[in-house]
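All the letters of the sequence shown, read from the start, carry residue numbers 787 to 1219 under our numbering.
Glycine included, C-beta positions come from ideal geometry on N, C-alpha and C.
Worksheet for the structure shown next.
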Amino acid sequence: MSVDTVPGRGGLFRHADFRRLFLAHGVSQLGAQVTYLALPLVAITYLHASTFEIGVLTTLESLAFLVIGLPAGAWCDRMRRRRVLITTDLVRAGALLSIPVAAALGVLSVWQLYTVVLIHGACTVFFDVSGLAFLPSLIGRERLIEGNGKMESARQVALAAGPTLAGFLVEALKAPFALVADAVSYLWSAAWLSRIRAPDVLPPRADRQPLRVEIAEGLRFVLRNPVLRAVAATGAIAVVGISISRAILVLFLVRQLGLTAGTIGLLFSVGSVASIGGAMVTTRLARRLGAPRALIGFCGIAGAGSLLIPLTGNGWALGFLVVGETLQMASIVAYNVTQVSYRQRICPDHLLGRMNATMRFLMWGTTPVGGLLGGVLGTAIGLRPTLWTAGALLVVATLPLVLSPLGPAAVRGDREFLQEPVLLGQKADGEQA
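Next up, the structure:
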């Protein structure tokens, strides 16, 4: 093993390959924030899309989690993980570049947006599943909390700075052409990933089984673990609520409050700053509170924050959006770092892709439902009542955690719960003890 791949004692930023992964991740996340704001604005201001069409756009962007989420995990466990990361970066860059090109030629349509978000969504599924499986082999399982915390910190910096950058780019270049920034960020990511020196190992062909058998193995591993089941259920409910809100929030701010793209970007950035701290202090909070109390508490605070967002109005009432987004995002970040690190720690390497794909399928597979509901409810009952519905769902999402073994452990104040690699009679290979 070269010095580039040895973590050492000085923190992960002294690990050269982790630095390369961190640089790739951080810049691509910054570019993704441009797309997050610019893409719906392309539909709203450039193509004059309806509320329902915006809901469809949000649904299609996440449909890949539902359609190919499970087989993607099995496929990723059969492939070189770093190669998957680089390939999907390049494809996403090409797909996004087609939008400004079509706009310049005067042929951009909502159907092209639908096609691009489908391609982008499919690539994101493969990228995310491979990335979650790649990190433990790069830094070692004993440093996953630190590694995930640093990676999430980079994402939160992007969430803080990205919307402001996106707002100014959209106003300066117009929405379709602002997407060039995200395409360039994916090319940057691919370049840094290609410089990682750790071996990109191809799993042995002799270990392969039929695809449906491998998918079932990943499902069994997740469903036999009561904590993973609860985390998946909480995620599924919360994602519906978040997706409902995200499908209509920009529309609400533009059409009901009359805000500009620059103002929207600035508000989202201010609301994101505290979430950087959420990623940085997760380890300390989880150690002090114990993981059960931390997970339930983080989830509950996110629900409380989501109930402030529908109170947003003009003037001083814009503060409800800032405070609500701050509470929601900081808590979700801390929650995710804790539960993702636990998942990665207990899962054997050959199952990492399938386990992560199963969890993402169970949680993020509900995103299309939320996106479509956002469009339907926004049209039927109005935008503000739909935001209240989204907030209520985030509050309800805490229940599966409370009703799982995490609930009694939180009451006991058990700080050692979730620290063992094998939990509640489940062997490391996914079989029952």
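Helix, strand or coil at residue i [DSSP, three-state]
i	result
P985	coil
V1134	Sequence inspection shows Pro at residue 1134; the Val mentioned does not correspond to that position. DSSP places P1134 in coil when its eight states are reduced to three.
V1208	With a pLDDT of 39 at V1208, under the threshold of 50, the modelled position of that residue is not reliable, and no figure is offered here.
G1216	Confidence is the limiting factor: at G1216 the pLDDT is only 38, short of 50, which leaves the residue's position unreliable and the question unanswerable from this model.
S1029	helix
A1183	coil
N1142	helix
G933	helix
M1149	helix
A1196	helix
S1122	With the sequence shown as reference, residue 1122 is identified as Asn, and Ser is not the correct amino acid for it. N1122: helix per DSSP, three-state reduction.
R1010	coil
I1023	helix
P949	helix
S1190	coil
G1168	coil
L965	coil
S980	coil
Q942	helix
P793	Because the pLDDT at P793 is just 46, under 50, the model does not fix this residue reliably, and the point stays unresolved.
I854	coil
P1154	helix
Alpha-carbon to alpha-carbon, residue j and residue i
i	j	result
L1039	R927	43 Å
Q1218	L1009	In this prediction, Q1218 has a pLDDT of 34, which is less than 50 and means its spatial position is unreliable; what the coordinates show is noted afterwards. Using only the alpha carbons, I get a separation of about 11 Å.
A949	L825	Sequence check: residue 949 is Pro here, not Ala. If I take the Cα positions, the gap works out to 12 Å.
N934	T1020	20 Å
G1083	G1004	29 Å
R1074	I1118	18 Å
L959	L883	14 Å
T1172	V1108	19 Å
L816	D803	20 Å
W1174	V842	21 Å
F808	A919	15 Å
A961	A858	31 Å
P793	R800	With a pLDDT of 46 at P793, under the threshold of 50, the modelled position of this residue cannot be trusted, and the question is left open.
A984	L827	40 Å
V853	V877	19 Å
G892	R1070	53 Å
Y1121	I1095	20 Å
M865	I1132	21 Å
E938	V999	33 Å
L1137	S923	13 Å
G1216	L1045	Bear in mind that the predicted position of G1216 carries a pLDDT of just 38, short of 50, making it unreliable; the figure below should be weighed with that in mind. Looking at the two C-alpha atoms, the distance is approximately 51 Å.
R981	A1143	26 Å
V902	G1048	25 Å
G953	V943	16 Å
T910	R1079	32 Å
L894	G1105	36 Å
L856	L1014	16 Å
T1165	L899	21 Å
I1034	V970	28 Å
G797	L1093	38 Å
E932	A835	43 Å
V987	D1135	12 Å
A1077	V896	45 Å
V915	L1148	13 Å
M880	G1161	The residue you asked about is not Met; residue 880 is Gly in the sequence shown. So the alpha carbons of these two residues sit roughly 28 Å apart.
Closer than 8 Å to chain D by CB, residue i
i	result
K960	Note that chain D does not occur in the displayed structure, where there is just one protein chain.
**Study point:** contact_flag[the segment 810-826, the segment 1125-1134] where n(CB pairs < 8 Å) is 3 or more
**Key:** The segment 810-826 makes no contact with the segment 1125-1134, as fewer than three CB pairs between them are under 8 Å.
**Study point:** alpha helix (DSSP H) segments (min. 4 residues) lying fully within the segment 1035-1118
**Key:** Correct list: 1047-1066, 1068-1075 and 1077-1092.
Review point. Within the chosen definition, does the segment 962-978 reach the segment 847-862 through at least 3 CB pairs nearer than 8 Å?
Key: Touching, no, given that fewer than three Cβ pairs across the two stretches are closer than 8 Å.
Practice item. Take every Cβ of the segment 1085-1101, pair it with every Cβ of the segment 1168-1181, and state whether three or more of those distances are shorter than 8 Å. Key: With the rule of 3 Cβ pairs closer than 8 Å, the segment 1085-1101 counts as touching the segment 1168-1181.
Check your understanding: Quick one: any contact between the segment 1093-1105 and the segment 887-901, if contact means 3 or more CB pairs under 8 Å?
Key -> Not touching, per the Cβ criterion.
Exercise for review: Indicate whether the contact test is met: 3 or more Cβ pairs, each with one atom in the segment 1015-1030 and one in the segment 1150-1167, closer than 8 Å.
Suggested key: Between the segment 1015-1030 and the segment 1150-1167 there are three or more inter-stretch CB-CB distances shorter than 8 Å, so the stretches are counted as touching.
Review point. If we count Cβ pairs, one from each stretch, closer than 8 Å, do we get three or more for the segment 826-836 versus the segment 861-873?
Key: In the pairwise beta carbon analysis, the segment 826-836 is classified as not touching the segment 861-873: fewer than three pairs are separated by under 8 Å.
Exercise for review: Determine, using beta-carbon pairs with one atom in the segment 1102-1117 and one in the segment 1191-1201, whether at least three such pairs fall under 8 Å.
Suggested key: The segment 1102-1117 and the segment 1191-1201 do not touch, with fewer than 3 CB-CB distances between them shorter than 8 Å.
Exercise for review: Could you name each continuous alpha helix (DSSP H) segment of 4 residues or more that falls completely within the segment 856-936, going from the start of the chain to the end?
Suggested key: Listed in chain order, they are 867-891 and 896-925.
Exercise for review: Could I get the ranges of all uninterrupted alpha helix (DSSP H) runs contained in the segment 795-837, with 4 residues as the minimum, in chain order?
Suggested key: Fully enclosed alpha helix (DSSP H) runs of 4 or longer: 802-827.
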